[in-house]
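One structure is given below, encoded as structure tokens.
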Amino acid sequence: MEMRADLVIVGAGMVGSALALALRHSGLEILLLDGSALSVKPFDAQAPFEPRVSALSAASQRILERLGAWEGIARRRVSAYSDMHVWDGSGTGQIHFSAASVHAQVLGHIVENRVVQDGLLERLHDSDVGLLPNARLEQLRRSGDEWLLTLADGRRLRAPLVIAADGANSAVRRLAGCETREWDYLHHAIVTSVRCSQAHRTTAWQRFTDEGPLAFLPLNRDGQQDWCSIVWSTTPEQAEQAMAMDDAAFCQALERAFEGRLGQVLAADPRLCVPLRQRHAKRYVQEGLALIGDAAHTIHPLAGQGVNLGFLDAAVLAEELVRACERGERLADVKVLSRFERRRMPHNLALMAAMESFERLFQANPLPLRWLRNSGLKLVEQMPEAKALFVRQALGLSGDLPALARA
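Take the sequence shown: its position 157, counted from the start at 1, is 157 in the UniProt record's numbering, and no numbers get skipped.
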């Protein structure tokens, strides 16, 4: 059996699902395929937190609101944060960011990825987007002016335009021969949720240690503020040791690494360990193909910006495709797709470069660099305008924003 569509989106994660919803009224025949069942799980408010979370910016929240997904997300579980506190564990430099500095109520929301996904899937099931669950891409090749996709179960799809939204290890990117620049951070990230003896006070906390950054991100359960999602970036050797600890020893090690800022670490959920690697596609587009989200770029999780970049990718690509439809242009034309690339690549590269510089500076051991970063933190802490600029960037209040993300 062979199916046809105007557009095939491979990967129904958060970014691919957002793109499909953004195009649901475009008049295009869309197929969204994924290796999962694409089912919405009943939500249990008392269930443990999912280990993978995202720090959603105000721009991402606007996109999700306009896609009709935010209501379902907020109905499940979201954790707003209004402040951020960052300090250097090897010195005295520290800096505090506040939403109030730009007259906003929150800096963002910490949300479990599964919650975001289910909020999007609910809207997709109510749409006319074609969903192909349990569909794993096995082959991809050009066939005339179209792409021919072969799935593992033998089904075949044809479309002039394919969008890769299938994550950091994108099968589409690999099968289409898209080149990337990538390097290993030589760090692993341990992620889990922990309960502390002191409330997080709707603040995101981050300490830069000699081994890597450690973040405590606020979680809210039934109004209680004693849970945090942690992202602990450290060397592979230390990550292996931490993963081998029993819960009590892990909590003690985590409390020491965090300098006890939130009191005792009383309990920890099961841990995941993720190798950290930065990756960026040399091109986001070619004839009849576009890469979005982690398929196009992955960055260090220290700023929690990965999914926010992906949502902006989806919103900009949808905007450019709808404009092209209105002009009667051929959507698969690389000239059309390059408009998306020109809008998103400079922004993504700039943020990736900033995060890379930030990470390298805080990993630097020479005394002059330690002095520089501590002095820099102290200096910026005394510059309200500079801090407000950072906050506006984090909120997504500046730059070339697509209509879905604008206030």
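Think of the CB as a built atom: it goes at the ideal place given N, C-alpha and C, for glycine as much as any other residue.
All values derive from a computational prediction rather than experimental measurement.
Classification of residue i by the beta-carbon crowding that lies within 10 angstroms, buried from 16 upward
i	result
residue 341	buried
residue 75	exposed
residue 34	buried
residue 371	In this predicted model, residue 371 has a pLDDT of only 48, less than 50, meaning its place in the structure is not dependable enough to derive any value.
residue 186	exposed
residue 96	exposed
residue 72	buried
residue 7	buried
Separation of residue j from residue i, as counted between CA atoms
i	j	result
residue 195	residue 227	4 Å
residue 102	residue 397	10 Å
residue 394	residue 405	13 Å
residue 224	residue 306	27 Å
residue 166	residue 62	23 Å
residue 81	residue 59	15 Å
residue 203	residue 29	44 Å
residue 143	residue 87	55 Å
residue 236	residue 301	16 Å
residue 179	residue 265	44 Å
residue 244	residue 209	21 Å
residue 220	residue 330	47 Å
residue 78	residue 85	20 Å
residue 270	residue 309	28 Å
residue 48	residue 222	13 Å
residue 42	residue 93	45 Å
residue 153	residue 169	21 Å
residue 403	residue 318	10 Å
residue 282	residue 289	14 Å
residue 198	residue 328	59 Å
residue 422	residue 401	No answer is possible for residue 422: it lies beyond the span of the chain, which begins at 1 and ends at 407.
residue 200	residue 272	22 Å
residue 326	residue 44	43 Å
residue 343	residue 263	45 Å
residue 162	residue 257	45 Å
residue 322	residue 109	29 Å
residue 127	residue 184	40 Å
Beta-carbon contacts of residue i that lie in its chain and below 7 Å, excluding the five residues immediately before and after
i	result
residue 268	192, 194, 247, 250, 251
residue 287	332, 334
residue 261	205
residue 54	111, 113, 116, 304, 307
residue 275	188
residue 253	242, 245
Beta-carbon spacing of residue i, residue j below 8 Å
i	j	result
residue 113	residue 24	no
residue 190	residue 232	yes
residue 214	residue 229	no
residue 145	residue 133	no
residue 151	residue 135	yes
residue 347	residue 293	no
residue 182	residue 278	yes
residue 316	residue 324	no
residue 238	residue 211	yes
residue 56	residue 18	no
residue 121	residue 176	no
residue 50	residue 156	no
residue 100	residue 295	no
residue 38	residue 391	no
residue 174	residue 291	no
residue 259	residue 207	yes
residue 284	residue 345	yes
residue 22	residue 407	no
Chain-order list of residues whose beta-carbon lies under 6 Å from that of residue i (same chain, five-residue window excluded)
i	result
residue 320	339, 340
residue 32	9, 12, 20, 129, 131
residue 171	137
residue 64	70
residue 349	none
residue 4	158
residue 83	98, 203
residue 280	181, 297
residue 27	none
Residues of its chain near residue i, where Cβ-Cβ distance is below 8 Å and the 5 sequence neighbours each way are ignored
i	result
residue 40	118, 121, 122, 125
residue 15	165, 292, 293, 294, 307, 310, 311, 313, 314
residue 36	12, 133, 134
> Whole beta strand (DSSP E) runs in the stretch 268 to 326 with 3 or more residues, listed along the chain?
Replying inline: 272 to 281, 289 to 291
> In the stretch 63 to 125, which residue ranges form an unbroken beta strand (DSSP E) of at least 3 residues, counting only runs that do not cross its ends?
Replying inline: 79 to 81, 83 to 88, 94 to 98, 108 to 112
> Which runs of the beta strand (DSSP E) fall wholly inside the stretch 130 to 157 and span at least 3 residues, in chain order?
Replying inline: 130 to 132, 137 to 143, 146 to 151
>> I'd like the ranges of any alpha helix (DSSP H) spanning at least 4 consecutive residues and lying wholly in the stretch 158 to 246.
In response: List check, alpha helix (DSSP H) in window: 171 to 175, 236 to 244.
> Which ranges does the beta strand (DSSP E) cover as unbroken runs of at least 3 residues, wholly within the stretch 26 to 59, from first to last along the chain?
Replying inline: 30 to 33, 53 to 56
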